[in-house]
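All remarks here apply to the structure that follows.
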Ligand code: SF4
Ligand code: SF4
Ligand code: SF4
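Protein chains in written order, with UniProt numbering: chain F, 1 to 633; chain W, 1 to 161.
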């Protein structure tokens, strides 16, 4: 049965493992993946717990539909207390780990404690073992995975591992599977490092028995075709996410030289998506995905000859391109490869490096801090060297590795003005000043600045209001520069992306950048045919609301409130300097932003300070955390 | 007997998504589980390898010829079908298959292989890239096949460089 996958509870300190059922009632309230992860974490991490302490808990979860042949259902959720923010830390990873975890007999793992020595967890055929990883410590993420696959003797074994960055507790270290699948954001790799946990390996083949396979196959094919045949998915399948760059740099919403500009203009031309083609060997995909949005790339000659990697994504163009003023695909590919091998979130890395460059420009950081390295815009060597310093915690890298909030205490408080972050979490290299809905989304995201919690990509298309009303069930203003009704739009996407993450399917195959992609109602038959649970569209929206509100409550209990729901101050004070007329001379209007924020709170049933109201919690059946989950240990 | 259509594989188009594999086990056994799939993707992202392995329904089929109890027969589509009433589970057919496309079902101890889904191959339906296609002889373009093999081998050689 799809619903008989287990919960594994692992205490690395006590060397104890427990296997538990996951009650169907919990599925009906939270689905799986991100939703169930946060149900467990809400009830197991107390507010005073330090993210790096043994008491912090790391949750791994497969979605309810992870492993099925449609909509990119290959995804895994990794959640924990975020070392950069002290609030929600949460990351959704593509690739192949989640499907393998399910076939190994598990849907969720909760990991607590700290192993005495470097260790890894082997999940195999319904059992869990803690093993020594002393021979793996220090290995890059690719090598570690190859060794682990050999060691299990199963060429289908999948691992999620940390690299040097996680071992060195770089606060934005990530977790990797395969060449480029990353549980990228929120410092999940650093938390693994703090637990002396190098890897989790899944191996096994316990059949997932499906409720109604015949109907499932018919429907999966239909919905999969619908998702893959949108114009967006077709272009994505050819160019990958770099396709977004062409729009963002020509109009002007890509962070440039640490957001001093909103596009590099003509200088940025070499980074256009088509120019990646010549390095592309083929397109490859996550398990269960027919969109295949990633290139396998190879540099065949020149200074980076022999580099083979997957991607790079749009975010990497910002991080190692416009953010630092380098406009060379080969450099982006090289940095992409390095970041993946180090096991570091390349978005946070790029944004942090760009910040450091501007601090150097303004004299907050000097050559004394960098061991003589001059952080000059456009200097490839300086970018790579600073990145290495961060990963190895050398010189100023040691300060930057602790994240923007802590680092700014060292550089002087007002240095934080130049940091593009909210809640201490670095943003990706998009410039949201001209797009209020995007700005609200990065600011209210429970894990700190990030586009994947709520970004309503289709806002940019300025669709007719009838179409918008059909999608959102509310009147939505078509103009993307408007503030009015955008709080509702962001709310709707928060619910949708939560459901998608809880089902284990891909955001690129839901309403994100295409209005024609599947959404809530289209998941109803999949859930029924796969798992035998009947739900309505309204049920799913309520689950999204419940799951999102639990994350919000976790943040509230950790001291977050309205004050933490603002985009970088720079967005309110400095106008954009470049771009097409509708993107140039734009900044956020504080009064209007506040109205939008309050509309968003109202839509959620939260009070003016952003705290969920009692009646909202009651309606959603969210009680006080009881911290009982781990008591069984 | 000649079949009307052939299941053709173009590995250089395969993205490694395994949708074909999962759909195959769903169709035949109602489960997600690769040991029940009649098509398997050899996938190793570190080696840059995605190769669909599936029965080519050989005309002079070693599996069928080697079966001592004549448990493998040809249906009207040319598919070599295992008759499990007769099959004694000696697994000889698995050993002799030149493509490694005849697999062991660990639950029954007997072989499983592609049966062309009774003429409606679900793998080809799910494959979005054309890496698996169910083609009639007229649809088979020999020039395309030649190029496909050429590109594939080129990629293999390049990987070593
Ligand atoms: S199973 Fe192997 S030997 Fe038998 S027909 Fe298929 S490819 Fe040929
Ligand atoms: S044709 Fe049917 S049985 Fe054969 S590999 Fe494809 S899905 Fe499996
Ligand atoms: S469905 Fe097509 S692309 Fe996907 S693994 Fe199978 S053959 Fe390859």
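Don't be surprised by glycine CBs; every beta carbon is placed ideally from N, CA and C.
Inset, instruction - Return the chain-ordered list of same chain residues with a C-beta closer than 7 angstroms to the C-beta of residue 1 of chain W, the five sequence neighbours on each side being excluded. - result: Below a pLDDT of 50, predicted positions are generally treated as unreliable, and residue 1 of chain W, at 44, falls in that range; no measurement from the model is reported.
Legend entry - Cβ-Cβ distance between residue 510 of chain F and residue 500 of chain F below 9 angstroms: yes
Legend entry - Chain-ordered neighbours of residue 179 of chain F on chain W, where CB pairs are closer than 8 angstroms: 45, 46
Legend entry - Buried versus exposed call for residue 1 of chain F [16 or more other C-beta atoms within 10 Å across all chains shown]: exposed
Legend entry - Distance CB(residue 79 of chain F)-CB(residue 98 of chain F) smaller than 9 angstroms: no
Inset, instruction - Keeping to the same chain, check which residues put their C-beta closer than 8 angstroms to that of residue 68 of chain F; ignore five residues upstream and five downstream. - result: 216, 220, 288, 526, 530
Inset, instruction - Could you tell me which residues DSSP puts in a beta bridge with residue 141 of chain W? - result: Its beta-bridge partners do not exist; DSSP assigns none.
Inset, instruction - Residues of the segment 191-224 of chain F with a CB closer than 7 angstroms to any CB of chain W: list them in chain order, please. - result: 205, 207, 208, 209, 210, 213, 216, 217, 221
Legend entry - Contact with chain F by residue 25 of chain W, beta-carbon distance below 9 angstroms: yes
Legend entry - Status (buried if at least 16 other CB within 10 Å, exposed otherwise) for residue 59 of chain W: exposed
Inset, instruction - Report yes if the C-beta of residue 116 of chain W is less than 8 angstroms from at least one heavy atom of ligand 2; otherwise report no. - result: yes
Legend entry - Cross-chain neighbours of residue 68 of chain F in chain W, by beta carbon under 8 angstroms: 22, 32
Inset, instruction - Would you mind giving the Cβ-Cβ distance between residue 434 of chain F and residue 583 of chain F, rounded to the nearest angstrom? I have them listed as a contact below 8 angstroms. - result: 5 angstroms
Legend entry - DSSP-derived helix/strand/coil call for residue 120 of chain F: strand
Legend entry - residue 473 of chain F in three-state terms, based on DSSP: coil
Inset, instruction - Could you tell me whether any Cβ in chain W is nearer than 9 angstroms to the Cβ of residue 93 of chain F? - result: no
Legend entry - the segment 136-156 of chain W: positions lying closer than 8 angstroms to chain F by Cβ: 155
Inset, instruction - Report the residue from F:576, F:545, F:181 whose alpha carbon sits nearest the alpha carbon of residue 620 of chain F. - result: F:545
Inset, instruction - Determine, using beta carbons only, whether residue 599 of chain F and residue 469 of chain F come nearer to each other than 9 angstroms. - result: no
Legend entry - Cut-off 6 angstroms between Cβ atoms - residues of its own chain near residue 180 of chain F, not counting five sequence neighbours on either side: 310, 311, 340
Inset, instruction - Alpha carbon to alpha carbon, how far is residue 9 of chain W from residue 98 of chain W? Give it in angstroms, no decimals. - result: 16 angstroms
Inset, instruction - Would you mind listing the alpha helix (DSSP H) stretches within the segment 28-75 of chain F that are 4+ residues and don't spill past its ends, in chain order? - result: 33-42
Legend entry - Proximity winner among F:194, F:131, F:151, relative to residue 162 of chain F (alpha-carbon distances): F:194
Inset, instruction - Please list the residues of the segment 584-603 of chain F that have a C-beta atom closer than 9 angstroms to any C-beta atom in chain W, keeping them in chain order. - result: none
Inset, instruction - Just mark residue 15 of chain F as buried or exposed, buried being the case when its beta carbon has 16 or more other beta carbons within 10 Å. - result: exposed
Inset, instruction - Answer yes or no: does any C-beta atom of chain F fall closer than 9 angstroms to that of residue 129 of chain W? - result: yes
Inset, instruction - Compute every distance between the C-beta of residue 132 of chain W and the non-hydrogen atoms of ligand 5, then say whether any falls below 8 angstroms. - result: With respect to ligand 5, the structure offers nothing, as its ligand set consists of ligand 1, ligand 2 and ligand 3.
Legend entry - Per DSSP, the bridge partner or partners of residue 622 of chain F: In the DSSP output, where bridge partners are listed per residue, residue 622 of chain F has none listed.
Legend entry - Same chain only: Cβ atoms within 6 angstroms of residue 141 of chain F, ignoring 5 sequence neighbours per side: 161, 163, 176, 341, 343
Legend entry - CA-to-CA distance, residue 372 of chain F to residue 658 of chain F, given in whole angstroms: Since the first and last residues shown for chain F are 1 and 633, residue 658 of chain F lies out of range.
Legend entry - Proximity to residue 634 of chain F [Cα-Cα], best of F:356, F:116, F:83, F:128: The structure shown does not extend to residue 634 of chain F, since chain F is modelled only from 1 through 633, so no value can be given for it.
Inset, instruction - Would you list, in chain order, the members of the segment 274-286 of chain F that have their beta-carbon closer than 8 angstroms to a beta-carbon of chain W? - result: 281, 282, 283, 284, 285, 286
Inset, instruction - Determine the chain W residues that contact residue 146 of chain F at a beta-carbon separation under 7 angstroms, and present them in chain order. - result: 46
Inset, instruction - Using three-state DSSP, classify residue 327 of chain F as helix, strand or coil. - result: coil
Inset, instruction - Just the chain W side, please: which residues come within less than 7 angstroms of residue 332 of chain F by C-beta, in chain order? - result: None at all; the shortest Cβ gap to chain W is about 20 angstroms.
Inset, instruction - From the DSSP output, in three-state form, read off residue 310 of chain F for me. - result: strand
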